[in-house]
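As structure tokens, the structure follows; a few thoughts come after it.
Numbering (this note's numbering), first residue to last: 2 to 126.
In structure tokens form, the structure reads like this:
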């Protein structure tokens, strides 16, 4: 069931990946409301739930969520964030789980592009 929930999340993010703002100076926090039917099938109800709170428990949970997200997003160990992205070790993710890491795929694509441009430059001569 968790794999099906992860699949829902990945598909929804891939559907909007071209309109997601990709800026090293900011980040976005996405949330999902998912219900489970009687056959244990997950269904996406809301891909943008509110961070407003209605109860003390809700406020505590969302406060912890925001604290944990900020701990992941803000480099507080002196790491140069302009360098290649390396996801933190699982123990440093405060219980969050990496669904996908596109950084290695992007790096491989960058290397292929660089290699192709060098090849084209030598062929041109």
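Backbone N, C-alpha and C fix where the C-beta goes; we use that ideal spot for every residue, glycine too.
Quick caveat: nothing in here was measured; it's all calculated off a predicted structure.
Between the C-alpha atoms of residue 15 and residue 54, what's the straight-line distance to the nearest angstrom? The alpha-carbon of residue 15 is positioned some 29 Å away from that of residue 54.
According to DSSP, which residues form a beta bridge with residue 44? 36
Which listed residue (101, 30, 43, 22) has its alpha carbon closest to that of residue 69: 30
Whole-angstrom distance between residue 62 and residue 22, CA atom to CA atom: Residue 22 and residue 62 have their C-alpha atoms spaced approximately 26 Å apart.
Exposed unless 16 or more other CB atoms sit within 10 angstroms - verdict on residue 10: buried
From the DSSP output, in three-state form, read off residue 108 for me. helix
Hey, residue 1 and residue 45: beta-carbon distance below 8 Å or not? The structure shown does not extend to residue 1, since the chain is modelled only from 2 to 126, so the question has no answer here.
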